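Have a look at the structure below before the remarks.
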Amino acid sequence: MFDITNSEIDQEIGLKYYATPKDLSIVDARIRESFDDFVIQEVLRGGIILPKENMDNFMAPLRGEGEYLRIILKKKGVDTLHVIGKLSKEMRIPISDVQFLGLKDSRGIAIQSISMRYKRGVYVDEIDKKCGKIKILRWYKAYAPLSSHELWGNKFTVTIKVEKREDATSLITRMAQIQKILSLSSIFSYFGYQRFGTEQPFNHIIGKNILNRNYDKALQNMFKKGNYDIFNENKENEGEVLR
């Protein structure tokens, strides 16, 4: 029997069960104290992992004198859409002309690739100096833009910190137990908060109302206020709109 979460918001969006027992909870450890504690690297077709820094031995896919520009960048503490917007502005191209392989978490470091049509007169190395939290690791011309089938997955490196050596020993023991449990069973494939919205995490309920043609209920749920700290009090005119 799986343990049920006590979190109201998790239950609201269907994240009801833990894959591991509560007695294996790691309560004295800390994660994500800094951006460096959470690193994401894209894994491209063929198992190619985008390097964190040194690009000397990186085999660039589809490299050639084509009409597209591919950029491998490293972002820190900023989300992917902000990066795309910044590059779009600096390179004077529409955001719709930029291709990327998924959104990466802002609360960490991410190494990812983007592409766009090559534009003469744009100096990528100069743009690198203007974009603050973005570092361009490499850029090259290519025959084709990025395509979703090029992404095989993402590699995550998560740093877990403890205060005392004995805590570290306990942590390692528990992690080994957790690994054994998961190897013999499975992990629930839940959708995360970002799929539901952080202010009103019940878009799935609104969607169900619409599919069932219950439009009044859908509208009511659109303006429903939550009881969680992450909600904003931005529905002051709720009654007026519903009326």
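Each residue of the sequence shown is one higher than the one before, counting from 4 in our numbering. In this text, a Cβ means the ideal position worked out from N, Cα and C, and glycines have one as well. This one's a predicted model, so the numbers in the text were calculated from it and none came from an experiment.
Item to check | For Val81, the nearest candidate out of Val42, Asp13, Ile51 (CA to CA) | outcome: Residue 81 sits at position 78 when you count from the first residue of the sequence shown. For Val81, the nearest C-alpha among the options comes from Val42.
Checklist entry - If you compare alpha carbons, which of Glu45, Lys19, Tyr218 is closest to Gly105? => result Start at 1 with the first residue of the sequence shown, and residue 105 comes out as number 102. Taking the Cα of Gly105 as reference, the smallest distance to any Cα among Glu45, Lys19, Tyr218 is reached at Glu45.
Checklist entry - Is it right to say Lys295 is buried, meaning 16 or more other beta carbons lie within 10 angstroms of its own, or is it exposed? => result The question about residue 295 has no answer here: the residues shown for the chain are numbered 4 through 246.
Checklist entry - Based on the DSSP secondary-structure assignment, which residues constitute the bridge partners of Lys164? => result Counted from its first residue, the sequence shown places residue 164 at position 161. Beta bridge pairing from DSSP links Lys164 with Arg33.
Next on the checklist: Going by DSSP in three states, Leu214 sits in which element: helix, strand or coil?
Outcome noted: For this step, residue 214 is matched to residue 211 along the sequence shown. DSSP, read as helix, strand or coil, puts Leu214 in helix.
Next on the checklist: What does the Cβ neighbour count give for Ile190, buried or exposed, with the cut at 16 atoms within 10 Å?
Outcome noted: Here the question's residue 190 lines up with position 187 in the sequence shown. Ile190 counts as exposed, since fewer than 16 other beta carbons sit within 10 angstroms of its beta carbon.
Item to check | C-alpha gap between Val244 and Gly195, whole angstroms | outcome: Within the sequence shown, numbered from 1, the residue matching residue 244 stands at position 241. Within the sequence shown, numbered from 1, the residue matching residue 195 stands at position 192. Here the model assigns Val244 a pLDDT of 35, short of 50, so the residue's position is not dependable and the matter cannot be decided.
Item to check | Three-state class that DSSP yields for Met119 in the structure shown | outcome: Indexing the sequence shown from 1 puts residue 119 at position 116. Here Met119 sits in strand by DSSP.
Checklist entry - On the three-state DSSP scale, how would you describe Asn57? => result Within the sequence shown, residue 57 is the residue found at index 54, counting from 1. Of the three classes helix, strand and coil, the one that applies to Asn57 here is coil, per DSSP.
Next on the checklist: Mapping the DSSP letters down to three states, classify Leu3 as helix, strand or coil.
Outcome noted: Here the chain covers residues 4 to 246 and nothing more, so residue 3 does not appear.
Checklist entry - What residue range is occupied by the uninterrupted beta strand (DSSP E) comprising Ile12? => result Reading the sequence shown from its first residue, position 9 is the one you call residue 12. Ile12 -> not in any beta strand (DSSP E); alpha helix (DSSP H) instead, spanning 11-15.
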